[in-house]
Each structure stands twice: as C-alpha cells, then as structure tokens.
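Notes for the one structure printed next.
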Amino acid sequence: MTTPVPPVASVNSLPADDQSILLAAQWLRQGRLVAFPTETVYGLGASCTDESALARLYALKGRPGDNPLIAHVATPGEVGLVACPTPRQAGMLADLGRRFWPGPLTMVLPRGPGMSPSATGGRDTVAVRCPAHPVARALLTAFGAPIAAPSANRSGHISPTSAAHVLADFANASELLVIDGGPSRVGVESTVVDLVADPPRLLRPGSVLPEQLVEALGEIDTTPMSAQGASPGTAARHYSPRTPALLLDLAGLRQALAERREPCAVVATSDLDVPRPHGRMSMPKDAEAYAARLYAVLREVDQAGFSAILIERPPSRVGLWSTILDRLERATTTA
Ligand code: TXA
Ligand code: MG
C-alpha cells in the first residue's frame, strides 16, 4: 500500500501514529531524511544504501565524512544485512543481543554489503544497534531495511532528547520529517562496544555499563579512545552547549558564584543558595532521572543568554554516574 506523500518544503513534525510511520517509511524509500525517537536520543535517519540520501544527511548535520553512522535494525536477525561477523564475533553478538537488545547498546562488527562504505566513513567496520523504542521499531519494520542514523543534532552540538530539540537544530532544513515520540527515556547516547578488537573495546560509555559488558564478555578494554581516533565521534569536545560551561565541585561552585558579576546558570544536585543575578536548574539526585533530564537542561540554559554554565560535579562516579561524568567532561572541555 502506498500513502500519498504531501509536498514538504521545509521541516514537518508529525505525531507518532501509524499513518506518520507509513509516511516516514515511504519518505525514506524516496531517498529523504526522517528524524525519529529512540530510547537514548533522537536519530536522523536515511537508507543505509542510498548514496545521495547519505550525502545529504552528512551535509545537513555538518558531520565530517570520516565519522561513521550507526545502522539501526528492527530485529537482531537483521544484523546479517549490514555486517559479516566472524564466528567469534557472532558468539559475542548473540550473547550481548540476548542480554541488551532491543536496547541502548551498539556493536561494531565487520561491514557487510548492506551498509554503504560512505555511511561508515570508508571503514570496513559497521556499528549496529537494535533500538527498543516502539516508534523506532515500527519505523524500521515499515521501512523493511536497516536505517543509518546518527544523533539528530548539528555536528558537535548536544544530542536531542525531544522532537523540539531536533526542530531547533534543523529549523532551516528542506524536506525533513520529524516523528514526535515524546522525550527520550534514557537521555544519553548508546554504549558503543567494538567486537572486532580483541579483547572487545569500549568506544563510548552509555547506560549499558562496562561491568555489564565484562559480565557478558569476560574481558573488555576500557582505555579512553579520545586520543586514538578509533571512533571519531568520541573526540574530547562533543555534546557541547555554545555557552562556556565549567564542571566544578561544590566549593568551587560557591566561589565562582561569589566572584562572578555576569549572570551564570547553575546546574546542581545540591541544594545550594544561588544569589541573583545567577539562575539555578535543580538536577535529580537519581542517576537515571539525571541522565534523562541532562541534555534538555543544557539546551535550556544555553538558550537563556547566561554568560556561563556552572555544573556541579555529579555526587558519584559509580554506575550510570560514570557515563554522566563522561558527557559532562565533554560538554565542559575547551579542547
Ligand atoms: O544512542 C545512539 O547511539 C544514537 C541513536 C540515534 O541510535 N546515535 C548516535 O549516533 O549517538 P552518533 O553518530 O551521534 O554516534 C555514534 C558513535 C560515534 O562516536 C561514531 O564515531 C561511532 O559511534 N561509530 C559509528 N560507527 C563506528 C565504527 N564503524 N567504528 C567505530 N566507531 C563507530
Ligand atoms: Mg552524535
């Protein structure tokens, strides 16, 4: 069945119903771009084999051509369409897939013919994820093939956790459909693990934690990748607000507030006093709630015209807090 596609001159946001999903699948088949919700962050999708759609995706995001995209699949059984794992990798894929898919885990494997080399920055590997969000899964099923999608933000900016964030970054795009599936539940990007490396290597921390990967795989390499170029998107400065941002402990935060005359935004879990002209965003003390809220808060304070964003160090480095700390360090580094 084909659904008539209305002319879209610019960016259109649609509610996540059956009709929108059919329309979006058709849109992808016609070589256009669709932003869609996943449980981590929103993705900006194109067909994995449509060269001109992929070229437009890189151009729209402003993403360097050597930074590879994630291939999203509707079911673990579809991995073979985009990847050719060795028997050793297939064993790890099956084990991790049973534990964490559908969900916020991305695995790097040898690239197969169903993923264009231009979507992997010319690499012979491909990152694959089977997302859990019902709208992402419905879109993948309706499209009937894997979808290549980076996070739906302009390159280097904060990942979007709502349709409004996508619209804010791509207000001037032509021919972009955004499916509005509400706020993302997890709020930080997926964990990326490279199964081609031996032992497997953690490329990006996420809500699937290193200790959970160790439990499944026995051994993993967690050396930070930022300096080594193994995953271009893990360069130190990333996920950044435009306003200068600093990561401080509580004492440093108090001192900065006392010294600074220009209005600053304070993003903190502690109940500290924030005197005028500064502004305060209270953050949840629970790591899951904090992660789900973080990018929306950074975008909000970035818009509000403060001279700086002062972020209190998270109360812990354990579990999901270690992933949150990774993102805060990237948001606040000047490198
Ligand atoms: O949660 C997520 O992963 C979201 C949703 C939309 O799935 N996607 C996302 O994509 O964050 P992106 O492109 O913003 O980040 C993907 C990361 C980048 O750091 C990229 O360099 C890395 O994965 N990556 C992708 N393919 C790779 C490959 N073949 N080898 C090494 N790293 C790869
Ligand atoms: Mg991204």
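Each residue of the sequence shown is one higher than the last, beginning at 519 in this note's numbering.
By construction, the Cβ of each residue, glycine as well, lies at the ideal position given by its N, Cα and C atoms.
Pick helix, strand or coil for residue i, following the three-state DSSP scheme.
i, result
"Asp698", "strand"
"Val711", "strand"
"Pro728", "helix"
"Ala564", "strand"
"Ala763", "strand"
"Asp536", "helix"
"Val684", "helix"
"Ala814", "helix"
"Val819", "helix"
"Gly770", "helix"
"Ala776", "helix"
"Arg794", "coil"
"Ala805", "helix"
"Ala691", "coil"
"Gln544", "helix"
"Glu557", "coil"
"Ala745", "Its pLDDT being 45, under 50, Ala745 is placed unreliably in this model, and the coordinates cannot settle the point."
By DSSP's criteria, residue i is part of a beta bridge. Which residues make up the other side?
i, result
"Ala786", "Ser800"
"Ser758", "Answer is none; Ser758 lacks a bridge partner."
"Ser531", "Val696"
"Arg719", "Asp712, Asp739"
With residue i and residue j assumed to form a contact (beta carbons below 8 Å), what rounded beta-carbon distance in angstroms separates them?
i, j, result
"Ala650", "Gly621", "5 Å"
"Leu775", "Pro668", "Not confirmed; about 37 Å, so no contact."
"Leu572", "Ala645", "Their Cβ separation, rounded to whole angstroms, is 15 Å, which puts Leu572 and Ala645 out of contact at 8 Å."
"Pro558", "Ser708", "Per the sequence shown, the amino acid found at residue 558 is Thr instead of Pro. That pair is a contact at about 5 Å."
"Pro635", "Ala589", "Incorrect: roughly 12 Å between the Cβ atoms, too far for contact."
"Pro605", "Leu611", "About 10 Å; that fails the 8 Å criterion."
"Gly699", "Ala543", "So it is not a contact: roughly 15 Å between Cβ atoms."
"Val815", "Gly797", "Actually they do not touch by this definition, with Cβ atoms about 11 Å apart."
"Val626", "Ile697", "Between Ile697 and Val626 the Cβ distance is about 27 Å, and since that is not below 8 Å, they are no contact."
"Leu812", "Ala691", "Not really, about 25 Å apart at Cβ, beyond 8 Å."
"Ser673", "Gly583", "The pair is not a contact, with the Cβ atoms about 11 Å apart (cut-off 8 Å)."
With residue i as the anchor, note down where its beta strand (DSSP E) starts and where it stops.
i, result
"Val552", "551-554"
"Val706", "Element bounds for Val706: n/a, residue is neither H nor E."
If you follow the alpha helix (DSSP H) that residue i is part of, which residue opens it and which one closes it?
i, result
"Gly674", "Where Gly674 is concerned, there is no enclosing alpha helix (DSSP H), given that its DSSP letter is neither H nor E."
"Glu569", "569-579"
Could you check if residue i belongs to the surroundings of the ligand MN, using beta carbon to heavy atom distance under 6 Å?
i, result
"Val696", "For the ligand MN, the structure offers nothing, since it holds only the ligand TXA and the ligand MG."
Which residue spans inside the stretch 821-850 form an unbroken alpha helix (DSSP H) run of at least 4?
838-850
So within the stretch 583-671, which uninterrupted alpha helix (DSSP H) runs reach at least 4 residues, ignoring any that extend past its ends?
597-600, 605-618, 652-661
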